[in-house]
Each structure stands twice: as structure tokens, then as C-alpha cells.
Amino acid sequence: MISPLASVHPNAKLGLDVTIEPFAVVHDNVTIGDGTRIMSHAVVMPYSRIGKHCEIFPGAVIGAVPQDLKFVGEETTAEIGDHTTIREYVTINRGTKDKWKTVVGSHCLLMAYAHVAHDCIIGDHVILANSVQLAGHVEVGDYAIISGLAGANQFTRIGAHTYIAGHTVVRKDVPPFVKAGREPMSYAGVNVVGLQRRNFTAEQIAAISQVYHILFVQGHPTSVAVQMVEEQVADSEVKQFILDFVKSSATGIIKRFSKNAEDAY
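Numbering (full-length UniProt numbering) for the sequence shown: 1 to 265.
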């Protein structure tokens, strides 16, 4: 159903059973998949690609041009997968010539006032809580949960199955399967509860814990710890997944929290 009070460009490509409510705006060069609902006062800008059975709540703006002074009008996209919910006043900017697109995966939940900047790549089943702010070029792995008012610096990566505490700032890469919080952001343990909910086996969780005990708890430099993990931990898919992430880090990974005289706790 398309309300006669909505503004829908004649060149927009709409799937079956799309709902566009009064005062929503859908611009030229937009694709919206079957069963998606665009609620009142949401705006879908040019070069947006929205999947099937999504819900876009009032005030959200999808596909606005990047807030990047290097952007010169190149034809880039903002892409959203299937079954994703975009709550009130979320903003998702389209890409620049770095990646040519900004991507939010399928089955994601972006809560009110979250911001996804240009060239971010967000995986599937990701939750961004209220007012999470992702700067440009941030990558977020599948099933990551980022709590309210957290932010991520540009070019940082947040691994799959991570849990990021609220009110924190991601300045370095957060490897997969961990919890992270405090200021500065630090390793806070393996995300055991999240992994159990996603049917990781006890053996997989034990292997993950063994890797991170060497990487974070024993106090070795990262390069030394990586070598020790390679030599001491039995080969497995989760071990290799962690090592591939750590070795490919351009910003470096977070560290374990260490108290000093200025800490009150």
C-alpha cells in the first residue's frame, strides 16, 4: 500500500506488498524489496537499496550523501539486507569511492538515533543500540552487539560475536568472540553467554578461551602471543578465525585492562 500522501519518485523500484505511509519520501534510483514498510516521515535518498521485509521507522534517513569532504558526488550506494529493522531517526550514509557502498546486513536491529557513516560494512544479526555512532569505514562482524551511546573511530573493526559495553569508544580493533568495555576500551573476557546462545560447543568455547588467555591474560606482546597461540593451541576453525583477524589488524587490537594509581576501582 502506498499512501497518496507519500512522495514516491516514479523511477523508484518497489517490490510486492511494499507499504509506504503518509509523508514518507522515496527518491529516484531507489530499490525496495518485497514486504518492506517505510513509515511516516522516513526518507529514502537516491542510490539506496533496501531488502525484503524490512521496517524503516519514522524520521530515519537512508542513503544521504557522506559527511566526508573528499566526496565529490560519485555514484555510491547504501545497501540494507532483508528482515532488518531501522528505528526512529537512524541515519545511514552512502559510500565513497573507498568502498563504493555502505552495507547493513540482514536480520539487524538499529535502534533509535544510531548513525552508520560512509563505507561502513555491518554484517548480519548485528544490534546497534540507541545512539551508537559508527564513523566512516568501520566494519562490524556478524552477531555483534554494541550497547547504547558507544562509538567507533573510523577504520576500526569490531569482530563477530562481540559484546561492546555502553558509553565506550572503540579506538582499536576488537577481535571476535569477546566482551569489551571500560575507558580506554579493554578486553573484558570471552562472550560466553552470547556464544552459548548461538550454539557454540563447549569445546569451541574452551578453545576460544585458551587463545585469549595467551593473547590478553599472560601479558605478552601481541606478536609473541600470536606465535604462542600458533604453537600451543590445537588447530581449529575458531583459532584460525581469531588469528586471521588479529594478523590483519591495521590499527592494532585492544588490550587487557590494567589498573594504575589513578583508578578508583
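Glycine residues also receive a C-beta, built at the ideal position from the N, C-alpha and C atoms.
Legend entry - Helix, strand or coil at LYS52 according to DSSP, with G and I counted as helix: Against the sequence shown, residue 52 aligns to sequence position 52. Collapsing the DSSP output to three states places LYS52 in coil.
Legend entry - Rounded C-alpha distance that separates ILE242 from VAL30: Here residue 242 is taken as the residue at index 242 of the sequence shown, counted from 1. Here residue 30 is taken as the residue at index 30 of the sequence shown, counted from 1. Each residue's alpha carbon lies about 37 Å from the other.
Inset, instruction - Return the CA-CA distance between CYS57 and LYS179, expressed in angstroms with no decimal places. - result: As a first step, residue 57 is located in the sequence shown; it is residue number 57 there, counting from the start. As a first step, residue 179 is located in the sequence shown; it is residue number 179 there, counting from the start. Note that residue 57 is Phe in the sequence shown here, rather than Cys. Taking the straight line joining both Cα atoms gives about 30 Å.
Inset, instruction - Give me the Cα-Cα distance between ASN93 and PHE216, rounded to the nearest whole angstrom. - result: Locating residue 93 in the sequence shown gives position 93, counting from the first residue. Locating residue 216 in the sequence shown gives position 216, counting from the first residue. Roughly 35 Å between the two C-alpha positions.
Inset, instruction - Measure from the alpha carbon of ILE50 to the alpha carbon of each residue in PHE71, GLU75, VAL18, SER40, then state which is nearest. - result: The residue labelled residue 50 in the question sits at position 50 within the sequence shown. Residue VAL18 is the option with its Cα nearest to ILE50.
Legend entry - GLY159 classed as buried or exposed, judged by whether at least 16 other C-beta atoms fall within 10 angstroms: Your numbering for residue 159 matches position 159 in the sequence shown. The residue in question, GLY159, is buried, as its Cβ has 16 or more Cβ neighbours within 10 Å.
Inset, instruction - Could you give the DSSP three-state label for ALA261: helix, strand or coil? - result: The sequence position of residue 261 within the sequence shown is 261, counting from 1. Its pLDDT being 43, under 50, ALA261 is placed unreliably by the model, and the measurement read from it follows with that caveat. Coil at ALA261, not helix or strand.
Legend entry - the stretch 220 to 229 in contact with the stretch 183 to 192 per 3-pair CB rule at 8 Å: Contact fails: fewer than three Cβ-Cβ distances are below 8 Å.
Inset, instruction - Pick helix, strand or coil for VAL226, following the three-state DSSP scheme. - result: What you label residue 226 is simply residue 226 of the sequence shown in a count that begins at 1. Helix.
Legend entry - Backbone secondary structure at GLY15 - three-state DSSP: Position 15 of the sequence shown, counted from the start, is the residue given in the question as residue 15. Coil, per DSSP.
Inset, instruction - Return the bridge partner residues of HIS213 from the DSSP annotation. - result: Here the question's residue 213 lines up with position 213 in the sequence shown. In DSSP, HIS213 forms no bridge with anything.
Inset, instruction - Report the option in PRO46, VAL233, ALA117, ASP82 whose CA atom is closest to the CA atom of GLN67. - result: Numbered from 1 along the sequence shown, position 67 holds the residue referred to as residue 67. It is ALA117 whose Cα lies nearest to the Cα of GLN67.
Legend entry - Cut-off 7 Å between Cβ atoms - residues of its own chain near PRO22, not counting five sequence neighbours on either side: On the sequence shown, residue 22 is found 22 positions in, with the first residue counted as 1. The answer, listed in chain order, is SER3, LEU5, ALA6, SER40.
Legend entry - Beta-carbon contacts of LYS99 that lie in its chain and below 6 Å, excluding the five residues immediately before and after: For the purposes of this step, residue 99 is identified with residue 99 of the sequence shown, where counting begins at 1. The residues are ASP119.
Legend entry - Helix, strand or coil at VAL190 [DSSP, three-state]: The count along the sequence shown starts at 1 and reaches residue 190 at position 190. Strand, per DSSP.
Inset, instruction - To the nearest angstrom, report how far apart ILE127 and LEU109 are at their CA atoms. - result: Locating residue 127 in the sequence shown gives position 127, counting from the first residue. Locating residue 109 in the sequence shown gives position 109, counting from the first residue. For ILE127 and LEU109, the distance between alpha carbons rounds to 5 Å.
Inset, instruction - For MET228, collect the residues of the same chain with a Cβ closer than 7 Å to its Cβ; drop the 5 residues on either side in sequence, then sort them by chain order. - result: To locate residue 228, count along the sequence shown from 1; it is residue 228. Here the set comprises ILE214, HIS220.
Legend entry - Classification of GLY33 by the beta-carbon crowding that lies within 10 angstroms, buried from 16 upward: One-based indexing of the sequence shown puts residue 33 at position 33. Answer is buried; the Cβ neighbour count reaches 16.
Inset, instruction - Going by CA-CA distance only, name the one from LEU69, ALA12, GLY73 that's closest to VAL44. - result: Translated into the one-based positions of the sequence shown, residue 44 becomes position 44. Nearest option by C-alpha distance: ALA12.
Inset, instruction - Taking only the alpha-carbon atoms, compute the straight-line gap between ASP263 and SER186 and give it to the nearest angstrom. - result: Locating residue 263 in the sequence shown gives position 263, where the first residue counts as 1. Locating residue 186 in the sequence shown gives position 186, where the first residue counts as 1. For ASP263, the predicted model reports a pLDDT of 41, less than 50, meaning its position is unreliable and no value from the coordinates is stated.
Inset, instruction - Taking only the alpha-carbon atoms, compute the straight-line gap between GLY63 and THR76 and give it to the nearest angstrom. - result: Within the sequence shown, numbered from 1, the residue matching residue 63 stands at position 63. Within the sequence shown, numbered from 1, the residue matching residue 76 stands at position 76. For GLY63 and THR76, the distance between alpha carbons rounds to 9 Å.
Inset, instruction - Can you grab the Cα-Cα spacing for the pair GLY59 / ALA165, in whole Å? - result: Against the sequence shown, residue 59 aligns to sequence position 59. Against the sequence shown, residue 165 aligns to sequence position 165. Answer to the nearest angstrom: the Cα atoms are 26 Å apart.
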